[in-house]
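In our numbering, the protein residues as written are 20 to 322.
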């Protein structure tokens, strides 16, 4: 409820607007319930007792019309916001009073949820970091998110709502941070023994500060080869921040398609697409499913 990114601001405003609209019904109902109980108490001899009363057109209109109008308003707001705040949708502005400057490219960050740590790959800069995320203020960010073993949830409350990270699948988030500072990030989905330590810091910095951080990673980091990634992906808890000066080309795509080890039977590019014997419907369905996974594995990724 105290956001520093435009997407989170809009989500916060949506929560407040929806709450106020619902309180327009809740508050009067609570007040009238207490008022009726007080007015028609047994000791109030002035209250009119009418045991045969059963209908009031005006009261019926009030009871049904007010909630109906609020439901219509909430439905309209939900419809518009669902499309406007779609995490896959390209940003249309940096903030309410700041459009995106012409020619500004989003910063791409490939996010991998490991057991139990976060790996952030910067394909444009050719670096990676563990449990530390840095991005320039007032620059669009495009997150591409996946996981290695179980489902997690990528969540920086000050930036935007949570987005699930799932193995063999890619989700996305388009966001922007509008204020410098340190913001908490974590997994909002239980993922095992080391879940409680699966958190990181997100730093909003200036363009100059981001360049300095990139140089720091390049000068003090190791090489994130496939072998190094396999060691990193092994389950571990409360991992300290680490940097990688280089990232093997195509590593994120290999993680996404589960092909870090190309000989692994779970590698999506190795799925058997040959015709199945018997010709029954089950074999046809399996073949179709394999074709779908192979198609996803061959999609181009800008890593």
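Positions of the beta carbon are idealized from the N, C-alpha and C atoms, including for glycine.
Keep in mind that this is a model prediction, so the values were computed, not measured.
Could you pull the DSSP bridge partners for residue i from this structure?
i	result
residue 182	173
residue 52	DSSP, once it has assigned bridges, lists no residue as partnering residue 52.
residue 191	163
residue 151	220
residue 243	266
residue 73	Answer is none; residue 73 lacks a bridge partner.
residue 146	141
residue 261	149
Report the CB separation of residue i from residue j in whole angstroms; it is logged as a contact under 8 Å.
i	j	result
residue 264	residue 240	4 Å
residue 198	residue 23	4 Å
residue 195	residue 26	7 Å
residue 104	residue 29	6 Å
residue 262	residue 146	7 Å
residue 186	residue 168	6 Å
residue 66	residue 74	Not confirmed; about 20 Å, so no contact.
residue 222	residue 123	Not a contact, Cβ separation roughly 20 Å.
residue 85	residue 44	6 Å
residue 96	residue 36	6 Å
Going by DSSP in three states, residue i sits in which element: helix, strand or coil?
i	result
residue 112	strand
residue 6	Since the displayed the chain opens at 20 and closes at 322, residue 6 lies outside it and no answer follows.
residue 204	strand
residue 130	strand
residue 118	strand
residue 253	coil
residue 41	helix
residue 287	helix
residue 279	coil
residue 86	helix
residue 36	helix
residue 211	coil
residue 60	coil
residue 91	helix
Just to confirm before moving on: does the CB-CB distance between residue i and residue j stay below 7 Å?
i	j	result
residue 109	residue 193	yes
residue 251	residue 266	no
residue 201	residue 165	no
residue 7	residue 204	For residue 7 there is no data in the structure shown, the boundaries of the chain being 20 and 322.
residue 111	residue 260	no
residue 163	residue 258	no
residue 33	residue 114	no
residue 106	residue 159	no
residue 117	residue 233	no
residue 182	residue 271	no
Does the distance between the C-beta of residue i and the nearest non-hydrogen atom of the ligand MG fall short of 6 Å?
i	result
residue 84	The model depicted lacks the ligand MG and carries no ligand whatsoever.
Given 8 Å as the limit, is there contact between the region 41-54 and the region 224-242, that is, 3 or more CB pairs closer than that? no
For the 8 Å Cβ check, are there 3 or more pairs between the region 197-211 and the region 37-49? no
Contact the region 132-148 vs the region 158-175: 3+ CB pairs below 8 Å: yes
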